[in-house]
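Residue 64 in the working numbering is what sits at position 64 of the sequence shown, and the numbering runs on without skipping anything.
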Amino acid sequence: MEMEGTKRDRLGRWRDFRPTAVDGHYPLYEQENYFVAPVKVNRDSGVLERSNWEAQLQELNRRGCKDYELHRFGHWLCGWFEVILVPPDSQDYETCEDIAQRLRDYPILDEEQYSSLCMSEYWSSWNDYGYEDFKRGLEEILRSWGYSEEDIERIADSDKEIMMRFYESLIPTRDYYTDRGNEFCINIGDALERLTEDDLVVFFGLGEREGETSNSQDHSEVNY
Numbered sequence: 001m002e003m004e005g006t007k008r009d010r011l012g013r014w015r016d017f018r019p020t021a022v023d024g025h026y027p028l029y030e031q032e033n034y035f036v037a038p039v040k041v042n043r044d045s046g047v048l049e050r051s052n053w054e055a056q057l058q059e060l061n062r063r064g065c066k067d068y069e070l071h072r073f074g075h076w077l078c079g080w081f082e083v084i085l086v087p088p089d090s091q092d093y094e095t096c097e098d099i100a101q102r103l104r105d106y107p108i109l110d111e112e113q114y115s116s117l118c119m120s121e122y123w124s125s126w127n128d129y130g131y132e133d134f135k136r137g138l139e140e141i142l143r144s145w146g147y148s149e150e151d152i153e154r155i156a157d158s159d160k161e162i163m164m165r166f167y168e169s170l171i172p173t174r175d176y177y178t179d180r181g182n183e184f185c186i187n188i189g190d191a192l193e194r195l196t197e198d199d200l201v202v203f204f205g206l207g208e209r210e211g212e213t214s215n216s217q218d219h220s221e222v223n224y
């Protein structure tokens, strides 16, 4: 969910904050004049937003800020959202202004943390759906190329770790996943489009089919 008030400009007051254009205000009578920190998070936040949220908290704590408040609210669209509120004329406010400026210059607050979260998301996604989707697409291609069920089964029986190594071997650029904000996906289609019989020979020791001399195959009729 794209929340309003996330534009990278000066911090807005809580009294003016609305989660989305169709929402009303969430009153906090003692904090109406507080400012909203630049990074918000919700149930559907993507990897980058979650990473920046953690980096924002770490920066506030690193600078010894003690007056900021975390508030979580239920929401009809995204389940919940969370914000950090800081009082005016405080070190917390100045820190959040600095964070907002950094985000204006570059969208990632902590590259190392973001990369780590991406890898964690990648491994989790591989275990949740990537392994099965990649294996299914691979089986479809092998059948379309005329490989025997015995050969297909031998490859399909590979465990998740081996199949991940094969998947990664097909993407020399190491672009194993794509983070599109609220959508994180493994680039299975890209890997399968690069697949050749030579890859099968090198990684699995799978011999060419009898009578076949070319390792160039047409993937156009296979759906991944």
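Glycine included, each C-beta is placed from N, C-alpha and C at the ideal position.
Taking a 10 Å sphere around the C-beta of residue 149, we find fewer than 16 other C-beta atoms and assign the residue as exposed.
Looking at the backbone, the Cα of residue 77 and that of residue 40 are separated by about 15 Å.
The beta carbon of residue 86 sits closer than 7 Å to those of 34, 35, 37, 67, 68, 92, 93, 96, all from its chain and outside the five residues before and after it, given in chain order.
The three-state reading of DSSP puts residue 201 in helix, counting H, G and I together.
Comparing alpha carbon positions, the residue from 151, 75, 14 closest to residue 22 is 75. Relative to residue 174, the option among 183, 163, 181, 187 whose CA is nearest is 187. Cα atoms of residue 193 and residue 176: separation of roughly 13 Å, rounded to the nearest angstrom. Shown here, residue 118 sits in a helix according to DSSP, grouped into three states. A distance below 6 Å between beta-carbons, with the five flanking residues on each side excluded, links residue 51 to the following residues of its chain, in chain order: 113, 114, 117.
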